[in-house]
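Student: My structure is below; once you've seen it, I'll send some questions.
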Amino acid sequence: MTLVDMGIPAVRSGHPSLAGRPDTPLLLDKYGRTARDLRVSITEKCSLRCTYCMPEEGLPPIPVEELLTAAEIVRLVTLAVRELGIREVRFTGGEPLMRRDLEQIVAGCHAAVPDVPLAITSNGVGLAHRAAGLAAAGLHRVNISLDTVDARDFHRLTRRDRLDSVFAGVRAAHAAGLTPVKVNAVLMRATLAGAPDLLRWCLDQGCELRFIEEMPLDADHEWARGAMVTAAELLEVLGTRFDLVPVGRSDPSAPAETWSVDGGPATVGIIASVTRKFCDSCDRTRLTADGMLRSCLFSDQEFDLRRALRTGVDDAGLAEIWRGAMWNKWAGHGIDAADFVPPERTMGAIGG
Ligand code: SAM
Ligand code: SF4
1000 MTLVDMGIPA VRSGHPSLAG RPDTPLLLDK YGRTARDLRV SITEKCSLRC
1050 TYCMPEEGLP PIPVEELLTA AEIVRLVTLA VRELGIREVR FTGGEPLMRR
1100 DLEQIVAGCH AAVPDVPLAI TSNGVGLAHR AAGLAAAGLH RVNISLDTVD
1150 ARDFHRLTRR DRLDSVFAGV RAAHAAGLTP VKVNAVLMRA TLAGAPDLLR
1200 WCLDQGCELR FIEEMPLDAD HEWARGAMVT AAELLEVLGT RFDLVPVGRS
1250 DPSAPAETWS VDGGPATVGI IASVTRKFCD SCDRTRLTAD GMLRSCLFSD
1300 QEFDLRRALR TGVDDAGLAE IWRGAMWNKW AGHGIDAADF VPPERTMGAI
1350 GG
């Protein structure tokens, strides 16, 4: 397989096989899982350069003609909900706030599928100016990524000095009613000692904090299994300041395991994607900013929905491609296997 600049697989699969698939409209796969949760990346651009995600110079820009337009995104989201059983939609990137038409995308989806919760995953930079407008457009929730409340660590990790803007974004999200505001923190050795401060800050702000084990999806390819911070290590560090009691998962397909903090009701979550992988209950399907369907973060198998859309394939045909893509989803990632190879796209180019 040859590679292009951005780490995008240059060779893409054609029409996926539906052999053996039962006659159901839902996004079923061969392992009995049904995708209900759609992640839509809408841009590769970002206001930060987190070391576990982006290269210092950012990702090479997707040519504008290859980016799905707002109208195309609305059409695909509508199709996914009405024809394929999707129940939850989250816009991501890159940084979704980098798209000036995010409000238009949200409003279009909300008008078409008003009962489906719409959310964004955002780094929070600049959210203070857009939270009210996004809520008015029909956005329900926001997850904000924040790994540390220490300004120097933040700068080191994101290569930008924007911590105050993220704090303002969190406040604005609350004020706009985009609640519960969840904060996602990637577990890094450099910020592990500050994890209790981050939890304290989130408790004070009324945010639900979830830590995520770092996955081998960084553009710099520095991830190493032996060096990563595990959920077990984090629990030990948090345990020095807080009384944590396990409360399990809210539902079996929720990736986060939760612990009550100091007797509750506040909780902290850990998404142990590497050490306690949850592929067996995965309910995700993904669309990249350039219109490729992916059934898994870690699989390079992609299906070109953009081309199908732009060559006049109707909704029934697009739905069949989507069903086929998911039918062929693999059992799960093998990060722990000796022969594991990271996917060609990095996290920022897939959409986390
Ligand atoms: N820019 C937005 C943000 O940061 O929230 C959305 C895109 S970002 C790729 C989505 C999520 O992926 C963020 O919560 C981020 O922390 C997480 N992420 C990025 N690289 C990761 C990695 N190598 N391992 C685990 N999570 C990662
Ligand atoms: Fe940007 Fe989000 Fe990646 Fe950080 S994690 S570089 S904020 S896309």
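Per the numbering used here, the sequence shown starts with residue 1000, numbered consecutively.
We put the CB at the ideal spot given by N, CA and C, even for glycine.
None of these values were measured; they are calculated from a predicted model.
(1) Just to confirm the assignment, what range does the beta strand (DSSP E) spanning Gly1316 have?
(2) Could you check what DSSP says for Ser1121 in three-state terms: helix, strand or coil?
(3) Just to confirm the assignment, what range does the beta strand (DSSP E) spanning Asp1303 have?
(4) Using three-state DSSP, classify Thr1190 as helix, strand or coil.
(5) For the alpha helix (DSSP H) holding Val1169, just list the boundary residues, first then last.
(6) Note down the Cα distance separating Val1260 from Trp1200, rounded to an integer number of angstroms.
(7) When the distance is taken between beta carbons, is Leu1186 closer than 7 Å to Glu1212?
(8) Could you tell me the boundaries of the beta strand (DSSP E) in which Ala1184 lies?
(9) Name the two residues that bound the continuous alpha helix (DSSP H) containing Glu1235.
(10) What do you reckon, are the CB atoms on Leu1156 and Asp1146 nearer than 7 Å?
(11) How far does the alpha helix (DSSP H) with Val1039 in it extend, from its first residue to its last?
(12) Using only the alpha-carbon positions, how far apart do Arg1161 and Thr1050 sit?
(13) In three-state DSSP terms, what is Gly1137?
(14) Between Pro1116 and Arg1035, what straight-line distance do the alpha-carbon atoms span, to the nearest angstrom?
(15) In terms of residues, what are the limits of the alpha helix (DSSP H) holding Gly1107?
(16) Closest to Gly1176 by C-alpha separation, out of Gln1300, Thr1229, Pro1342, Asn1142, would be which residue?
(17) Nearer than 6 Å: is that true of the beta carbon of Glu1055 relative to any heavy atom of the ligand GDP?
(18) In the DSSP assignment, what residue or residues form a beta bridge with Thr1266?
(19) Determine the contact status of Arg1038 and Arg1285, defining contact as a CB-CB distance below 7 Å.
(20) Out of Gly1268, Cys1281, Arg1098, which has the shortest C-alpha to C-alpha gap to Thr1033?
(21) Are the stretch 1178-1192 and the stretch 1231-1240 touching by the rule of at least three beta carbon pairs closer than 8 Å?
(22) Cβ of Gly1331 within 6 Å of any heavy atom in the ligand SF4?
(23) Cα separation between Val1105 and Leu1197?
(24) Hey, Thr1091 and Ser1040: beta-carbon distance below 7 Å or not?
(25) Taking the alpha carbon of Gly1205 as the reference point, which residue from Lys1181, His1220, Ala1218 has its own alpha carbon closest?
Tutor: In short, the structure shows the following:
(1) Looking at the DSSP string, Gly1316 is not in any beta strand (DSSP E); the run it does join, the alpha helix (DSSP H), is 1314-1326.
(2) In the structure shown, Ser1121 sits in a strand (DSSP, three-state: E or B).
(3) In the DSSP annotation of this structure, the continuous segment of the beta strand (DSSP E) that includes Asp1303 starts and ends at 1301-1303.
(4) Note: Thr1190 maps to helix in three-state DSSP.
(5) Counting along the chain, the unbroken alpha helix (DSSP H) around Val1169 starts and ends at 1162-1174.
(6) The C-alpha of Val1260 lies about 13 Å from the C-alpha of Trp1200.
(7) Yes, Cβ-Cβ distance for Glu1212 and Leu1186 is below 7 Å.
(8) Start and end: 1181-1185.
(9) Where Glu1235 is concerned, the enclosing alpha helix (DSSP H) stretches over 1230-1238.
(10) Yes.
(11) Segment 1036-1040 is the beta strand (DSSP E) holding Val1039; no alpha helix (DSSP H) there.
(12) One C-alpha to the other measures close to 15 Å.
(13) Secondary structure at Gly1137: coil, using DSSP grouped into helix, strand and coil.
(14) Taking C-alpha positions only, Pro1116 is separated from Arg1035 by approximately 12 Å.
(15) 1101-1111 is the extent of the alpha helix (DSSP H) around Gly1107.
(16) When only C-alpha atoms are compared, the closest one is Asn1142.
(17) Looking for the ligand GDP in the displayed structure turns up nothing; the ligands present are the ligand SAM and the ligand SF4.
(18) Among the bridge pairs identified by DSSP, Thr1266 is matched with Ser1259.
(19) Remark: C-beta atoms of Arg1038 and Arg1285 approach each other more closely than 7 Å.
(20) Nearest C-alpha to Thr1033: Cys1281.
(21) Taking 8 Å as the limit for Cβ pairs, the verdict is that the stretch 1231-1240 does touch the stretch 1178-1192.
(22) Flag unset: Cβ of Gly1331 not near the ligand SF4.
(23) Separation of Val1105 and Leu1197 (C-alpha to C-alpha, rounded to the nearest whole angstrom) is 30 Å.
(24) Contact flag set, yes.
(25) Distance check between Gly1205 and each of Lys1181, His1220, Ala1218 places Lys1181 closest, using alpha-carbon atoms only.
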